[in-house]
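What follows is the structure, given as structure tokens:
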């Protein structure tokens, strides 16, 4: 059994975009396993936009200290256990962090069903910050339905791609906003969206007026900034704006650009509401069950972008904020 863990640690707090020189990859000797602990060979690590907010030293999310391993969700298999309920070979998910071997209390892990497909599914379509977030954002917050024009930003990303597919299943007309013609083609041809707007090449405001002449009924926002403003300028009466994330703002949280078109909410008797999936604990298991069913029967699809090797985790963060991924971005740790 290996005695070395390879991990990614923070060595400098980013100002602006998180770049590879802000991190260090190092090898450390494993400590003996304590009572109640489990040792996991990490297979996949989730690369999430929210990680950027953990590198600041303060904020809404948990924070990563200098010299500490980068916090991240992961999946893997138990290689050693001194905790009740966990055996060697079990597939597990938890806050495994950006490393090849995770050692943590058993009560911080959950076993997952590896018969559903690749373990990576449990970070993507079946993951809390991805599929479950999309499901809860649609079913518990946005609630689109027949007759609604539903718009989602970062539509080719992990959350947006699933949110749009669920909204379509629930009867809405779905319009995705993404960057570049390839991503827009993917939304329509692969995910089944009705329309796509290329924010890199289109005038978003003009395209929204063209596609939604009566206004946007529901907007599921993952990016904030100018795109949020463009949609606010085009909302319908009694519309619903749901704030899931603000990826365009995470690189400079001290100078967040607020919406300048917020008065449209008053003019059009509309609401704007933020959420996180853990605000709806009663919905997490129903979300996982339905998502698992949909993945199994092909009702929804979850594309994955996978970078191979723990050393590539810093590159993966940059990859995501450059908008180069389609679907769920992961690092294959081992």
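Numbering (full-length UniProt numbering), first residue to last: 1 to 334. C-beta: ideal position from N, C-alpha, C; glycine also.
Exercise. Excluding the five sequence neighbours on either side, which residues of its own chain have a C-beta within less than 6 Å of the C-beta of residue 320, listed in chain order?
Worked result: Position 320 of the chain shown holds residue 320. Leaving aside the five residues that flank residue 320 on each side, the residues in its chain whose CB is nearer than 6 Å to its CB run, in chain order, 47 and 329.
For this session: Taking only runs that begin and end inside the segment 104 to 186, name each unbroken alpha helix (DSSP H) of 4 or more residues, in chain order.
Result: DSSP runs (the alpha helix (DSSP H)) wholly in the segment 104 to 186: 133 to 136 and 158 to 169.
For this session: Using beta-carbon positions only, say whether residue 37 and residue 105 come within less than 7 Å of one another.
Result: As a first step, residue 37 must be located in the chain shown, where it is residue number 37. As a first step, residue 105 must be located in the chain shown, where it is residue number 105. Yes.
Problem set entry | Residue burial classification, residue 288 (beta-carbon count within 10 angstroms, cutoff 16) | One-based indexing of the chain shown puts residue 288 at position 288. Buried, by the Cβ-count rule.
Exercise. Are the segment 266 to 277 and the segment 8 to 20 touching, with three or more C-beta to C-beta distances below 8 Å?
Worked result: No, the segment 266 to 277 is not in contact with the segment 8 to 20.
Exercise. Residue 4 lies in the alpha helix (DSSP H); which residues open and close that run?
Worked result: Walking along the chain shown from the start, residue 4 turns up at place 4. Segment 4 to 10 is the beta strand (DSSP E) holding residue 4; no alpha helix (DSSP H) there.
Exercise. Any idea what DSSP makes of residue 313, helix, strand or coil?
Worked result: To locate residue 313, count along the chain shown from 1; it is residue 313. Three-state DSSP puts residue 313 in a helix.
Exercise. Does the Cβ-Cβ distance between residue 201 and residue 149 come in under 7 Å?
Worked result: In the chain shown, counting from the first residue as 1, residue 201 sits at position 201. In the chain shown, counting from the first residue as 1, residue 149 sits at position 149. Taking 7 Å as the cut-off, the Cβ atoms of residue 201 and residue 149 do not count as close.
Exercise. What are the start and end residues of the alpha helix (DSSP H) that includes residue 287?
Worked result: Sequence index remark: in the chain shown, residue 287 carries index 287 (1-based). Where residue 287 is concerned, the enclosing alpha helix (DSSP H) starts and stops at 281 to 297.
Problem set entry | Every unbroken beta strand (DSSP E) within the segment 182 to 232, with a cutoff of 3 residues, ordered by chain | Entirely contained in the segment 182 to 232, the beta strand (DSSP E) runs reaching 3 residues are, in chain order, 195 to 198 and 216 to 221.
For this session: Would you give the residue range spanned by the alpha helix (DSSP H) that residue 29 belongs to?
Result: As a first step, residue 29 is located in the chain shown; it is residue number 29 there, counting from the start. Not the alpha helix (DSSP H): residue 29 falls in the beta strand (DSSP E), residues 23 to 29.
Problem set entry | Range covered by the beta strand (DSSP E) that runs through residue 236 | One-based indexing of the chain shown puts residue 236 at position 236. Here the beta strand (DSSP E) through residue 236 covers 235 to 243.
Exercise. In the structure shown, what three-state DSSP assignment does residue 334 receive?
Worked result: Locating residue 334 in the chain shown gives position 334, counting from the first residue. Here residue 334 sits in coil by DSSP.
Problem set entry | Inter-stretch contact at 8 Å, needing at least 3 Cβ pairs: the segment 147 to 164 / the segment 181 to 188 | Enough Cβ pairs lie closer than 8 Å, so yes.
Exercise. Exposed or buried, what is residue 99 when buried is set at 16 or more other beta-carbons lying within 10 Å of its beta-carbon?
Worked result: In the chain shown, the residue the question calls residue 99 occupies position 99. Buried.
Problem set entry | Cβ pair residue 14, residue 55 closer than 7 Å | Within the chain shown, residue 14 is the residue found at index 14, counting from 1. Within the chain shown, residue 55 is the residue found at index 55, counting from 1. Less than 7 Å separates the beta-carbon of residue 14 from that of residue 55.
For this session: Would you give the residue range spanned by the beta strand (DSSP E) that residue 304 belongs to?
Result: Start at 1 with the first residue of the chain shown, and residue 304 comes out as number 304. Note, residue 304: beta strand (DSSP E), 304 to 308.
Problem set entry | Where residue 77 falls: helix, strand or coil (DSSP) | On the chain shown, position 77 is the one that residue 77 refers to. If DSSP states are grouped into helix, strand and coil, residue 77 belongs with the strands.
Problem set entry | Check whether residue 196 and residue 176 have beta carbons under 7 Å apart | Numbered from its first residue, the chain shown carries residue 196 at position 196. Numbered from its first residue, the chain shown carries residue 176 at position 176. Yes, the pair counts as a contact, with Cβ atoms nearer than the cut-off.
Problem set entry | Residues near residue 75 by beta carbon distance below 8 Å, same chain, minus five either side | Walking along the chain shown from the start, residue 75 turns up at place 75. The beta carbon of residue 75 is closer than 8 Å to those of 42, 43, 44, 91, 92, 93, 96, 112, 119, 120, 122 and 123 in its chain, skipping five residues each way along the sequence.
Exercise. Based on the DSSP output, what are the partners of residue 101 in its beta bridges?
Worked result: Within the chain shown, residue 101 is the residue found at index 101, counting from 1. Residue pairing for residue 101: DSSP places it in a beta bridge opposite 41.
Problem set entry | Identity of the residue in 31, 34 and 247 nearest residue 16 by Cα | Numbered from its first residue, the chain shown carries residue 16 at position 16. If we check each option's Cα against that of residue 16, 247 comes out closest.
For this session: Would you kindly check if the distance between the Cβ of residue 220 and the Cβ of residue 137 is under 7 Å?
Result: Translated into the one-based positions of the chain shown, residue 137 becomes position 137. Translated into the one-based positions of the chain shown, residue 220 becomes position 220. For residue 137 and residue 220, yes; Cβs fall inside 7 Å.
Exercise. Could you give the distance in angstroms between the alpha-carbon of residue 245 and the alpha-carbon of residue 108?
Worked result: Within the chain shown, numbered from 1, the residue matching residue 245 stands at position 245. Within the chain shown, numbered from 1, the residue matching residue 108 stands at position 108. Between residue 245 and residue 108, the C-alpha separation is close to 25 Å.
Problem set entry | Proximity of residue 229 and residue 260 at Cβ, strictly below 7 Å | Locating residue 229 in the chain shown gives position 229, counting from the first residue. Locating residue 260 in the chain shown gives position 260, counting from the first residue. Cβ atoms of residue 229 and residue 260: closer than 7 Å.
Problem set entry | Candidates 283, 128, 267 and 324, of which the one nearest residue 141 by Cα | Within the chain shown, residue 141 is the residue found at index 141, counting from 1. When the alpha-carbon of residue 141 is set against those of 283, 128, 267 and 324, the nearest one is in 283.
For this session: Excluding the 5 residues preceding and the 5 following residue 294 in the sequence, name in chain order all residues of the same chain whose CB lies nearer than 6 Å to its CB.
Result: For the purposes of this step, residue 294 is taken as residue 294 along the chain shown, with counting starting at 1. Residues of the same chain with a CB within less than 6 Å of the CB of residue 294, apart from the 5 flanking positions on each side, are 300 in chain order.
Exercise. If you run the structure through DSSP and keep just helix, strand and coil, what is residue 46?
Worked result: The residue labelled residue 46 in the question sits at position 46 within the chain shown. When DSSP states are grouped into helix, strand and coil, residue 46 belongs to the strand group.
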